[in-house]
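Asks: Taken in order, the sequence shown gives residues 1 to 86; the numbers are from my numbering.
By construction, the Cβ of each residue, glycine as well, lies at the ideal position given by its N, Cα and C atoms.
Here the structure is a predicted model, which is why all the values come from computation and not from measurement.
Mind looking over this structure? Questions follow.
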Amino acid sequence: MGRAVAELFAREGASLVLTDISGSRLTDSVAAITPLLRTSAKLTAQRADITQAGEAAAMVAAGHAAIGQVDIAVNIVGGIKAKVLF
Ligand SMILES: NC(=O)c1ccc[n+]([C@@H]2O[C@H](COP(=O)([O-])OP(=O)(O)OC[C@H]3O[C@@H](n4cnc5c(N)ncnc54)[C@H](O)[C@@H]3O)[C@@H](O)[C@H]2O)c1
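Laid out in structure tokens, this is it:
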């Protein structure tokens, strides 16, 4: 579902910061979404487990550094029960 949301934002011209706990899923998402980006849009990706505050913060910092201001955050992880998401 997260990839579908990212694809929609890409088609609308947004720059994107992608993350996933799975490096291979993240690589697949980058490959699927990159062709959809508008000319001026940027995409960056960093693997992170967003139940880990440090990893989530590092991913957000990397996103800021790569694309600048982040206006919308979409958090759609699966398989998480009774854990805090950062
Ligand atoms: N698919 C649906 O139709 C649907 C409908 C309503 C609600 N939801 C809910 O939306 C959420 C996502 O569903 P989905 O179908 O996209 O699941 P999915 O398993 O296809 O995708 C979830 C993604 O989250 C990633 N992920 C898991 N743990 C993570 C972590 N700790 N840090 C970072 N990334 C992590 C996984 O690697 C995976 O790529 C679930 O909570 C699900 O219950 C899904």
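1) Hey, would you say residue 13 sits closer than 8 Å to residue 41, going by beta carbons?
2) Measuring alpha carbon to alpha carbon, tell me which residue in 35, 18 and 51 is nearest residue 82.
3) Taking the beta strand (DSSP E) that residue 18 belongs to, which residues open and close that run?
4) Could you give the first and the last residue of the continuous alpha helix (DSSP H) run that contains residue 45?
5) With a threshold of 16 other CB atoms inside 10 Å of the CB of residue 1, please say whether the residue is buried or exposed.
Replies: Looking at the atomic coordinates:
1) Yes, they are a contact pair.
2) Closest in alpha carbon position to residue 82, among 35, 18 and 51, is 51.
3) Start and end: 16 to 18.
4) Here residue 45 belongs to no alpha helix (DSSP H); instead the beta strand (DSSP E) covers 43 to 45.
5) When all chains shown are included, residue 1 counts as exposed.
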